[in-house]
Structure formats: structure tokens, C-alpha cells
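Taken in sequence, the protein lines are chains G and D. Just so we're aligned, residue 1 is where the first sequence starts under my numbering, counting upward by one. Just so we're aligned, residue 199 is where the second sequence starts under my numbering, counting upward by one. See below for the structure under consideration.
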Amino acid sequence: MSAIDELCSELAKLPGIGRKTATRLTYFLLKQPPDEVVRLAAAIRSVSERIRPCSVCGNLGETDPCLICEDPRRDKELLCVVEEASDIGAIERTGEYRGLYHVLGGHLSPLDGIGPEDLRIEGLRARVANGCEVREVILATNPSMEGEVTATYVRGVLENAGVQVTRIALGLPVGGDLEYADGVTIAQALAARREMPR
Amino acid sequence: MAGPSSLRGRQSFARVDFGQRPGEVPARVCFHMALVTTAAVVLHAFKYSESSKIVRLATEDVGVQSAVAKGAMRPKSKFGARLQVLSGGVAEMYMKPNRDLHTLAAFDVTRQRSELAGDVERYVTATALAELILRLAPAEPNPTVYHYLVAMLDDLVAVDRVNLEPFGLAALWGAVGILGFAPALDGCACDGRRLPDGAAKFSIADGGFLCQTCAATSTSATTLQKQDRQTLEKLVSGNIDDIAPIPPRHAAAHRRLIVRFAECHMNEDLELKALSMWERMWSDT
Numbered sequence: 001m002s003a004i005d006e007l008c009s010e011l012a013k014l015p016g017i018g019r020k021t022a023t024r025l026t027y028f029l030l031k032q033p034p035d036e037v038v039r040l041a042a043a044i045r046s047v048s049e050r051i052r053p054c055s056v057c058g059n060l061g062e063t064d065p066c067l068i069c070e071d072p073r074r075d076k077e078l079l080c081v082v083e084e085a086s087d088i089g090a091i092e093r094t095g096e097y098r099g100l101y102h103v104l105g106g107h108l109s110p111l112d113g114i115g116p117e118d119l120r121i122e123g124l125r126a127r128v129a130n131g132c133e134v135r136e137v138i139l140a141t142n143p144s145m146e147g148e149v150t151a152t153y154v155r156g157v158l159e160n161a162g163v164q165v166t167r168i169a170l171g172l173p174v175g176g177d178l179e180y181a182d183g184v185t186i187a188q189a190l191a192a193r194r195e196m197p198r
Numbered sequence: 199m200a201g202p203s204s205l206r207g208r209q210s211f212a213r214v215d216f217g218q219r220p221g222e223v224p225a226r227v228c229f230h231m232a233l234v235t236t237a238a239v240v241l242h243a244f245k246y247s248e249s250s251k252i253v254r255l256a257t258e259d260v261g262v263q264s265a266v267a268k269g270a271m272r273p274k275s276k277f278g279a280r281l282q283v284l285s286g287g288v289a290e291m292y293m294k295p296n297r298d299l300h301t302l303a304a305f306d307v308t309r310q311r312s313e314l315a316g317d318v319e320r321y322v323t324a325t326a327l328a329e330l331i332l333r334l335a336p337a338e339p340n341p342t343v344y345h346y347l348v349a350m351l352d353d354l355v356a357v358d359r360v361n362l363e364p365f366g367l368a369a370l371w372g373a374v375g376i377l378g379f380a381p382a383l384d385g386c387a388c389d390g391r392r393l394p395d396g397a398a399k400f401s402i403a404d405g406g407f408l409c410q411t412c413a414a415t416s417t418s419a420t421t422l423q424k425q426d427r428q429t430l431e432k433l434v435s436g437n438i439d440d441i442a443p444i445p446p447r448h449a450a451a452h453r454r455l456i457v458r459f460a461e462c463h464m465n466e467d468l469e470l471k472a473l474s475m476w477e478r479m480w481s482d483t
């Protein structure tokens, strides 16, 4: 296999990249100055070598514990449970949450053979054990059937842990149009309605 | 029960230019693509490429089918929250003959069954049932299988917590039966001889109870006591109202039996993951 074919087949393994795009990217890289291509290769190698999951929360970072777990300004009484480390970035971008996180590493999916033992639930139980600082656990799993059942399971696990367990709200997106929303989302929004603050 | 469904065939034409010379009549390729509208239940859904989903549907009119829902993961997708596992609705699919993967044009939810997600045992039972249909139902029209699935999922939402385990056992045995693998209960699975009442040997490999003669030559048959045999007969017939509470040890044996039976007769190569999880879940409870 030639070097070009080898790079094409490696790039084609990336999500959203087919054989055609992989070929285009390969020829694009061949046209770039050699030092830029080397920088890209070094960045990929660096990510692979330096990024590790945090042993406390499961977030991906260069340090263990991660920067969020180590940050003294974080509210240690709040713990947000998410499915994937990439969900942390989405919440952090809002700038509204200052608590800690716990990454489960997926969701319950019996059809895919993913059960509670495949998720980081024991680690969560240990973090929320009686006597710890955590006061509230926010379940921020995806608003899908699998995400909901995962939240249900985690709620059951934390039942006797002596912490408040809350679920992120589900409903209409901000800036959306009621007319174009699907019935399931509208029904969910109606069910989760709340009194307007004065 | 889902509303009436219809099959609407629409002929589509595409013009394909094969680089003909000036003056030649352009090549015209005609292909047939039918828009099928049918009641369906989402058995499984998973991500495909950057923003699409592949869904496996149990349909009323065209059996179990796979379809790609293009752009389903985009924030403004027309599919929105509709393609959730175990949701029921009306699917519109563009279907091409001799294809395994069709195109989902629309899915209007009529029953979401989100209540199932509020109880892990209920949810896992429902997915075990969906898995049996997914792996074993043919891609040919089979409304009986579809209606059975819909009825069982709806009952599963409503069944009392105390009856959930026997209900699950009965629903799974019913699915095995409706898919054509019902165990032989009245007569010997090997020679059809009528069986006397009382304890009897059950052979998973032979597909049911055995008479004394056949049991003597079978290496895998296990004895089911009279009460266990009666319980099994009631579970297979779906008559769970008359079942006395099943002691935990016997319930575990019944769970093992349905899992081994399904694995043995239906799927030699493929592990039934949801069914195995269902068995483990009740053992842990």
C-alpha cells in the first residue's frame, strides 16, 4: 500500500469522512508546506499521548485530577452527571454552571449490551457517599429514551445517599417557534411548565 | 392499535446522461421507488455519519425494516424528538426493491411510551421483547407480529409492578411462539406422543417436553416438577392471572429457560444482549 493510500484509509476512519473526502484531504495536505503537516502530525500524537481521563470525574484532560476537579473556585456541593466528556464542554460554554462534573461514559442500552456495570456508576456512588460535600446531583443525561432510563437508574442508586437529585429541564428551545416544534417536545414542555416569577 | 395504513406506490423517473454524442437520444433510466406509509414501532436507533440516524422499525405492512433518517441529529431536523426507541407512530419510507436500507421520509409519533424510561425493569423487559422481534422477525409483511408487539408494549406500561416479572416471562414466551418457535407442551417434542400430567422432562434442544422413551435417549433434558410445568404452560399461553407467586429460585429457572430456549432455537451466532441483560437484571433485583 502506498503512503497516499495509507493516509486515505486512516482519514476515512474518522467520523463523517468518507473515501472521497479522505482523498481530498490527503492531496490538500500534500500541497501544504512540510512544517505545517509535521505540526498537524505532532498535534495528533500529542493528544494521543497527553490526554487522559480524570480518575475523579472521567473528564478528558492533561492533568489528573483534571483542571475542573482541582479548581478551588468550583462549587463542590453541586455535581452534574453527564453521559460523555464532550457534554462538559457544552455546559461549560454556557458559563452558568460552577459546580463539578461526573462522566458516566455512555448510557444504558440493553440492545447494545451496555449495562450499569459498563458505566462509571460505582465511582459516582463513592463520590456521593454520606459525609461528602455534595449537596445536589444534577442528572444531565441526554433527553432520549436511553438517557432518561439512565437517569432513572442513577436516581435509584442515589436514593439513600442523602443528596438532592434533580433532572435538567426538557422542552422548547430558546428562540424556537411553537408552530414548528414536534408534538413530543411540546407535550414535554407542557408537563414541565412552571409558575412565572413575578 | 395503530390506525389504518396504506401502501402507495409512486413511480419516479430519473434522467441520467451517459455522455451521449450530439444528436443521440439521451439515455433515460427508469427506477421504481415506492413511498410506503405504515404504522411502525422504533425497535432500535443509532447514529449514522455526522448527523443522521439509522432506525430499525417493526412495521405493520412491510415487516422489520431498516431506514436512514437523514439529518435526524440536526437541531432543526423535522424528525425532532420522534425517533425514540419503542415509540410508535406512522412511518413514511421510500423503499427500493432489493435494498436493505431504505429512506425514512417522516415519522409521526402516535405513542411515545416515555413511561417505560421511568422504570428500569420495565424498560429492559421492553427492549428484550424488541430484540426478539428485531433479530428474528422476517422482513416480509407480518401484521400479527407487529400487533403483538404493540399490545405487549402498551400492556407493559400499565402492568402492576408486582406482576412485572411474570408478565415479562409471558410476553417473551408469547413472542417466541408468534415467531414460530413455540415449545411443545402437550405432546412429546420428538414423537408427538401425548404426555401424562405431572413432572416431565423438558429439552431445550428438542424444543419442548419429552415422553419417557425419548427422554431416556436425550442428554440435555431436565426435569420440571408438576407446578413448574403448569407455570410454564400458563406463561406460554399468556395466562398470567392464574399464576401463583413464583418463588425466586423457580423464577430464576424460568428466566434461564426462556433465554436458553431463545438462544438455542433462534440465534446460534448472535448474542441476544438485551435478553441476557433482562435475565441478569432480575437476578440482581
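Just so it is clear, CB atoms sit at the ideal spot from N, CA and C, and this is done for glycine as well.
Practice prompt. Only counting runs of 3 or more residues, tell me where the beta strand (DSSP E) segments fall wholly within the region 249 to 310 of chain D, in order along the chain.
Written response: 250 to 257, 262 to 267, 286 to 293, 299 to 309
Worksheet entry | Integer-rounded CB distance, given that residue 391 of chain D should sit under 8 Å from residue 384 of chain D | Incorrect: roughly 10 Å between the Cβ atoms, too far for contact.
Discussion item. For the pair the region 341 to 356 of chain D and the region 421 to 429 of chain D, tell me if three or more CB-CB distances fall below 8 Å.
Written reply: no
Worksheet entry | CB contact below 8 Å: residue 453 of chain D versus chain G | no
Worksheet item: Among G/150, G/188, G/41, which one has its Cα closest to the Cα of residue 115 of chain G?
Response: G/150
Worksheet item: What's the C-alpha gap between residue 227 of chain D and residue 266 of chain D?
Response: Bear in mind that the predicted position of residue 227 of chain D carries a pLDDT of just 41, short of 50, making it too unreliable to give a figure here.
Worksheet entry | Option in G/169, G/119, G/156 with minimal Cα separation from residue 186 of chain G | G/169
Fill in: Classification of residue 146 of chain G by the beta-carbon crowding that lies within 10 angstroms, buried from 16 upward
buried
Worksheet item: What span of residues does the alpha helix (DSSP H) with residue 368 of chain D cover, start to end?
Response: 362 to 374
Worksheet entry | Listed by chain order, chain D residues near residue 112 of chain G by CB distance under 9 Å | 242, 244, 471, 472
Worksheet item: Does the region 271 to 281 of chain D come close enough to the region 180 to 198 of chain G that 3 or more CB-CB pairs lie under 8 Å?
Response: yes
Worksheet entry | DSSP three-state assignment for residue 48 of chain G, whether helix, strand or coil | helix
Discussion item. By the DSSP assignment, the beta strand (DSSP E) with residue 101 of chain G in it spans what residues?
Written reply: 99 to 103
Worksheet entry | Proximal residues, the region 177 to 197 of chain G versus chain D, C-beta separation under 9 Å | 180, 181, 182, 183, 184, 185, 187, 188
Worksheet entry | CA-to-CA distance, residue 142 of chain G to residue 165 of chain G, given in whole angstroms | 16 Å
Item to complete: Would you check if the distance between the CB atom of residue 318 of chain D and the CB atom of residue 27 of chain G is smaller than 8 Å?
Response: no
Discussion item. To the nearest angstrom, how far is the alpha carbon of residue 179 of chain G from that of residue 172 of chain G?
Written reply: 11 Å
Worksheet entry | Short Cβ contact (8 Å threshold) for residue 260 of chain D with residue 239 of chain D | no
Fill in: For residue 20 of chain G, three-class secondary structure by DSSP
helix
Worksheet item: Are there 16 or more other CB atoms within 10 angstroms of the CB of residue 291 of chain D, so buried, or fewer, so exposed?
Response: buried
Practice prompt. Check each candidate in G/39, G/85, G/7 and name the one with the smallest Cα separation from residue 58 of chain G.
Written response: G/85
Worksheet item: Whose CA, out of D/413, D/398, D/236, D/381, lies closest to the CA of residue 406 of chain D?
Response: D/381
Practice prompt. Starting from the beta carbon of residue 280 of chain D, find every residue of chain G whose beta carbon is closer than 8 Å, and list them in chain order.
Written response: 182, 184
Discussion item. So if I threshold CB-CB distances at 7 Å, which residues from the region 8 to 22 of chain G count as touching chain D?
Written reply: 15, 16
Worksheet item: Whole alpha helix (DSSP H) runs in the region 377 to 420 of chain D with 4 or more residues, listed along the chain?
Response: 410 to 415
Discussion item. So if I threshold CB-CB distances at 7 Å, which residues from the region 293 to 311 of chain D count as touching chain G?
Written reply: 307, 310
Item to complete: Can you tell me which of the three DSSP states residue 194 of chain G falls into?
Response: coil
Worksheet item: With burial defined as no fewer than 16 other Cβ atoms inside 10 Å of the residue's Cβ, what is the status of residue 196 of chain G: buried or exposed?
Response: exposed
Fill in: Close-in-space but distant-in-sequence residues of the same chain around residue 75 of chain G (CB under 7 Å, 5 per side omitted)
98, 99
Worksheet item: So does residue 481 of chain D have its beta carbon nearer than 7 Å to some heavy atom of the ligand HEM?
Response: Looking for the ligand HEM in the displayed structure turns up nothing, as the structure carries no ligands at all.
Worksheet item: Using a C-beta cutoff of 8 Å, does residue 86 of chain G count as contacting chain D?
Response: no
Discussion item. Within 8 Å of any Cβ in chain G, is that where the Cβ of residue 460 of chain D sits?
Written reply: no
Item to complete: Could you tell me which residues DSSP puts in a beta bridge with residue 107 of chain G?
Response: Answer by DSSP bridge pairing: none, since residue 107 of chain G is not bridged.
Discussion item. If the criterion is Cβ atoms closer than 8 Å, does the pair residue 110 of chain G and residue 357 of chain D meet it?
Written reply: no
Practice prompt. Taking residue 4 of chain G as the reference, give the member of G/30, G/106, G/21 with the closest Cα.
Written response: G/30
Worksheet item: Beta-carbon of residue 426 of chain D versus every beta-carbon of chain G: anything under 8 Å?
Response: no
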